[in-house]
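**Student:** Under mature numbering (1 follows the signal peptide of the UniProt record, and there is no 0), the residues of the sequence shown are numbered -20 to -1, 1 to 51, in order. Take this structure, written in structure tokens, and hold onto it; I'll ask about it next.
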Amino acid sequence: MKLSSLSALTVLTLRHFSSAVTKPGECPEFSLSCPFVLLPLCRRDRGCKGVRKCCFYNCRRRCMEPLGSLE
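Following this line, the structure appears as structure tokens:
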């Protein structure tokens, strides 16, 4: 393997493992049934700024303050 190929493989591996990290806290519960699901505004916690988490609420995934957050 060339050095550039090894570097690219390392970057892809790091991206895979970093995407699995979730932020602390719990998402607020949404207990109503949705007649349909809207397009998501986020996909993972890492796509949300600060302490916000990517949660399913009001029939779509969106960035929200976790329960118990002080911000």
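Beta carbons are placed, not taken as given, at the ideal position from N, Cα and C, and that holds for glycine.
Buried or exposed for cysteine 34, please, with buried defined as at least 16 other CB atoms from any protein chain shown within 10 angstroms of its CB.
**Tutor:** Burial call: buried.
**Student:** Straight-line CA distance for proline 20 to glycine 48?
**Tutor:** The alpha-carbon atoms of proline 20 and glycine 48 are separated by roughly 24 Å.
**Student:** How long is the line joining the alpha carbons of arginine -6 and cysteine 22, rounded to whole angstroms?
**Tutor:** With a pLDDT of 48 at arginine -6, under the threshold of 50, the modelled position of this residue cannot be trusted; read the value that follows with caution. About 17 Å.
**Student:** Where does arginine 23 sit, in a helix, a strand or coil, going by DSSP?
**Tutor:** Coil at arginine 23, not helix or strand.
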